[in-house]
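Q:
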């Protein structure tokens, strides 16, 4: 069963600090956070390998298991934790947050359903959170993917702007751009279903390389995950206020 999207409302917890001050976003903004993969995917191969529409006439497996650090800390746990931290920060600012999955023990949702959640929410921004697993020697750094060539107006200037703000804010926050994929921290992609099928401004953040020892240490640390979340939340706030 596909988990229903969940929303977060502002709580009394203190918001995460932003790396730089931004104007408060206009009321009524909606952000969809899409933490990659899911904890139950590996035990349901038939379900996650089912082919689903991926845009541009392509099909892709429903979902994948994701990568992990060399010590076994899984991408699905990292993305879920970071997404929740980002969502709490945004909700504390009065932004409505919708998640594409509500736990880290389920299966999916499929990539086409994840895109549909953003579309149905009429999201002002959709941000997918992932981490890479390159085994290339010395591969490290983050990059932000966006749909190219765009298939609709939202995939054009709005999505590119979202990707650029995410890139710039993460770099300002102390993260290095990828030295092995993309260019200057950005990656134009035509093969990512979540971006291809989106009718809302959307971008996908590969936070770093889980196979790199230094980045793995940051990702497995609660303080490190907070660092990622602070930067991503600040970027989304800046985008919404622009």
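In my numbering, the protein residues as written are 8 to 249.
Glycine included, every Cβ here is placed at the ideal spot set by N, Cα and C.
#1: Pick helix, strand or coil for residue 103, following the three-state DSSP scheme.
#2: Going residue by residue through the region 77-155, where are the continuous beta strand (DSSP E) segments of at least 3 residues, counting only ones entirely within it?
#3: Nearest CA to the CA of residue 70: which residue from 64, 81, 63 and 57?
#4: Report buried or exposed for residue 162, applying the criterion of at least 16 other Cβ atoms within 10 angstroms of its Cβ.
#5: Identify the residues that DSSP records as bridge partners of residue 232: which are they?
#6: Would you identify the three-state DSSP class for residue 197, choosing helix, strand or coil?
#7: Please report the distance separating the alpha-carbon of residue 59 from that of residue 226.
#8: The beta strand (DSSP E) spanning residue 60 covers which residue range?
#9: Please report the distance separating the alpha-carbon of residue 232 from that of residue 214.
#10: Give a yes or no on whether the C-beta atoms belonging to residue 135 and residue 211 are separated by under 8 angstroms.
#11: Using three-state DSSP, classify residue 52 as helix, strand or coil.
#12: Let me know if residue 79 comes out buried or exposed under the rule of 16 or more other beta-carbons within 10 Å of its beta-carbon.
#13: Below 8 angstroms on the Cβ atoms is my contact criterion, and I expect residue 246 with residue 168 to pass it. Report the Cβ-Cβ distance as a whole number of Å.
#14: For the structure I just gave you, are there three or more beta carbon pairs, one from the region 175-193 and one from the region 135-154, closer than 8 angstroms?
#15: Tell whether a beta-carbon distance below 8 angstroms holds between residue 218 and residue 142.
#16: Please classify residue 249 as buried or exposed, where buried requires at least 16 neighbouring CB atoms within 10 angstroms.
#17: Going residue by residue through the region 168-195, where are the continuous beta strand (DSSP E) segments of at least 3 residues, counting only ones entirely within it?
#18: Determine the DSSP secondary structure at residue 237, reduced to helix, strand or coil.
#19: Beta-carbon separation of residue 37 and residue 97 under 8 angstroms?
#20: Is residue 159 helix, strand or coil when you go by DSSP?
#21: Keeping to the same chain, check which residues put their C-beta closer than 8 angstroms to that of residue 76; ignore five residues upstream and five downstream.
A: Let me spell this out:
#1: The residue you call residue 103 lines up with position 96 of the chain shown. DSSP places residue 103 in strand when its eight states are reduced to three.
#2: 103-106, 132-139 and 150-154
#3: For this step, residue 70 is matched to residue 63 along the chain shown. Of the candidates 64, 81, 63 and 57, the one whose C-alpha sits nearest the C-alpha of residue 70 is 57.
#4: Counting from one through the chain shown, the residue named residue 162 turns up at place 155. With 16 or more Cβ atoms within 10 Å of its Cβ, residue 162 is classed as buried.
#5: One-based indexing of the chain shown puts residue 232 at position 225. In DSSP, residue 232 forms no bridge with anything.
#6: Here residue 197 refers to the residue found at position 190 of the chain shown. Residue 197: coil per DSSP, three-state reduction.
#7: Translated into the one-based positions of the chain shown, residue 59 becomes position 52. Translated into the one-based positions of the chain shown, residue 226 becomes position 219. The straight-line gap from Cα to Cα measures roughly 30 angstroms.
#8: Position 53 of the chain shown, counting from 1, holds the residue named residue 60. That run of the beta strand (DSSP E) goes 58-62.
#9: Residue numbering aside, residue 232 sits at position 225 when the chain shown is read from its first letter. Residue numbering aside, residue 214 sits at position 207 when the chain shown is read from its first letter. Those two C-alpha atoms are separated by around 10 angstroms.
#10: Position 128 of the chain shown, counting from 1, holds the residue named residue 135. Position 204 of the chain shown, counting from 1, holds the residue named residue 211. Yes, Cβ-Cβ distance for residue 135 and residue 211 is below 8 angstroms.
#11: As a working mapping, residue 52 is identified with position 45 in the chain shown. In this structure, residue 52 counts as helix in the three-state DSSP scheme.
#12: On the chain shown, residue 79 is found 72 positions in, with the first residue counted as 1. Residue 79 should be labelled exposed.
#13: Position 239 of the chain shown, counted from the first residue, corresponds to residue 246. Position 161 of the chain shown, counted from the first residue, corresponds to residue 168. About 7 angstroms separates the two Cβ atoms, so the contact holds.
#14: yes
#15: In the chain shown, the residue the question calls residue 218 occupies position 211. In the chain shown, the residue the question calls residue 142 occupies position 135. Yes, Cβ-Cβ distance for residue 218 and residue 142 is below 8 angstroms.
#16: Position 242 of the chain shown, counting from 1, holds the residue named residue 249. It is exposed - the Cβ of residue 249 has fewer than 16 other Cβ atoms within 10 Å.
#17: none
#18: Position 230 of the chain shown, counted from the first residue, corresponds to residue 237. Helix, per DSSP.
#19: Residue numbering aside, residue 37 sits at position 30 when the chain shown is read from its first letter. Residue numbering aside, residue 97 sits at position 90 when the chain shown is read from its first letter. No, Cβ-Cβ distance for residue 37 and residue 97 is not below 8 angstroms.
#20: Along the chain shown, read from residue 1 onward, the residue named residue 159 stands at position 152. Three-state DSSP puts residue 159 in coil, outside helix and strand.
#21: Counted from its first residue, the chain shown places residue 76 at position 69. Answer for residue 76: 217, 218, 223, 226 and 227, listed in chain order.
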